[in-house]
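Take a look at the structure below.
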Amino acid sequence: MKRTFLVVDDHDLYRTSFCSLLKLCCPSAQVVEAANASQALALFPQHQWDAIILDYQLPTLSGSDVARHLRAQARAHNRTLPPLILMSTHPDAATFARTIGAAAFLSKPVEPADLQRVLEMLPAAPAAHAAPAPPTQVQLPRAPVTAARAAIESSARVTQLRNEILQLLRQTMRRFPPPHPPARTHPTGAPNARLGDYLVHLGYLTSDQLASVVQLHTALPLRSRVPLGFTVVARDLVPAPVVSAVLPQQFRERLLQKPATAPRFIGERAAPPPRPTPAHPRGGSQRN
Numbered sequence: 532m533k534r535t536f537l538v539v540d541d542h543d544l545y546r547t548s549f550c551s552l553l554k555l556c557c558p559s560a561q562v563v564e565a566a567n568a569s570q571a572l573a574l575f576p577q578h579q580w581d582a583i584i585l586d587y588q589l590p591t592l593s594g595s596d597v598a599r600h601l602r603a604q605a606r607a608h609n610r611t612l613p614p615l616i617l618m619s620t621h622p623d624a625a626t627f628a629r630t631i632g633a634a635a636f637l638s639k640p641v642e643p644a645d646l647q648r649v650l651e652m653l654p655a656a657p658a659a660h661a662a663p664a665p666p667t668q669v670q671l672p673r674a675p676v677t678a679a680r681a682a683i684e685s686s687a688r689v690t691q692l693r694n695e696i697l698q699l700l701r702q703t704m705r706r707f708p709p710p711h712p713p714a715r716t717h718p719t720g721a722p723n724a725r726l727g728d729y730l731v732h733l734g735y736l737t738s739d740q741l742a743s744v745v746q747l748h749t750a751l752p753l754r755s756r757v758p759l760g761f762t763v764v765a766r767d768l769v770p771a772p773v774v775s776a777v778l779p780q781q782f783r784e785r786l787l788q789k790p791a792t793a794p795r796f797i798g799e800r801a802a803p804p805p806r807p808t809p810a811h812p813r814g815g816s817q818r819n
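Residue numbers (the working numbering): 532 to 819.
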């Protein structure tokens, strides 16, 4: 059964990668891309969507505003609003997704297994598409997850993206030389590496400057926090072109690594280090 998805994300790199993953997990699907809220609202009446996958942070309208406009359009066209799936790098967006009535939430970078789980939760295609099918016919097997991951990591498109991202970073660093000595440690090895870690590694921030910015973020209410990149640019700590070049570098590192150790993107809050879990013997065995 063919499904039709609308993917709304303003970042070309993220959107291209996600749509490739979506097509690999659901090969028969028709995937339509929208780079902003205006395109999404214009495309909405043109198809009977099985789901709309929406980025939380869009340049003009918030995810809540887009959802409200989509509901208004659905009522105007006497249609049922398809399931909304919210995507974000921000950990608190999962709660926000529930408040706007989203059917599911995907944390960026999206893992194939998470996407597969959400696809399996979606209902069968509406009656306007075809007659309802038994649940066993709409559930996708788990095998394509591994195949999708292997195809994404080995595809020529990913290789091209890696090279383009690295070239952009090199050109930007020549235009804006880092003012500080680069850090000795490389954030690639850290499972929770963030934008600030990369800026320290490249010499655009000192560790003290990063700690000061993180402390400022922690002191603010959740709704008042903005991504770290906006803060360092607003405080004249790092030029905006540098932040724009380093963000895709995180994506490049994610492509180079296994999903379990992939660095996270801009928007996540600084998380405290995990507390050590004491060992508890169970049934004669000890779990560390």
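C-beta atoms are modelled at their ideal positions from N, C-alpha and C, and glycine is treated no differently.
May I ask you to report which of helix, strand or coil DSSP gives GLN570?
If DSSP states are grouped into helix, strand and coil, GLN570 belongs with the helices.
Go to SER619, then tell me how far its beta strand (DSSP E) extends in each direction, as first and last residue.
First-last of the beta strand (DSSP E) with SER619: 615-619.
Return the CA-CA distance between MET704 and GLY594, expressed in angstroms with no decimal places.
In a straight line, the C-alpha of MET704 is about 33 Å away from that of GLY594.
Output yes or no for whether 8 Å exceeds the beta carbon distance between PRO709 and TYR735.
Going by C-beta atoms, PRO709 is nearer than 8 Å to TYR735.
Secondary structure at PRO666, three-state DSSP: helix, strand or coil?
Here the model assigns PRO666 a pLDDT of 38, short of 50, so the residue's position is not dependable, and the following value carries that caveat. Correct three-state label for PRO666: helix.
Once you ignore the five residues that flank PRO613 on each side, which residues in its own chain have a CB closer than 7 Å to its CB?
Closer than 7 Å at Cβ, skipping near neighbours: TRP580, ASP581, ALA582 and ILE583.
Label PRO590 either buried or exposed according to how many other C-beta atoms from any shown protein chain fall within 10 Å of its C-beta, with 16 as the threshold for buried.
Exposed, by the Cβ-count rule.
If you follow the beta strand (DSSP E) that SER559 is part of, which residue opens it and which one closes it?
Counting along the chain, SER559 falls outside any beta strand (DSSP E), and DSSP gives it neither H nor E.
Would you report the Cα separation of LEU653 and PHE575, rounded to the nearest angstrom?
When rounded, the distance between both Cα atoms is 18 Å.
Under 6 Å Cβ to Cβ from LEU741, same chain only, skipping five residues before and after it: list those, please.
Excluding residues within five positions, the ones whose Cβ falls inside 6 Å are GLY727 and VAL731.
Report yes or no: do three or more beta-carbon pairs, one from the segment 532-540 and one from the segment 558-566, lie closer than 8 Å?
A contact exists between the segment 532-540 and the segment 558-566.
Using the rule of at least 16 other Cβ atoms within 10 Å of the residue's Cβ for burial, across every protein chain shown, is LEU751 buried or exposed?
It counts as exposed.
Can you tell me the Cα-Cα spacing of HIS578 and PRO640, whole angstroms?
Distance between the alpha carbons of HIS578 and PRO640 is about 27 Å.
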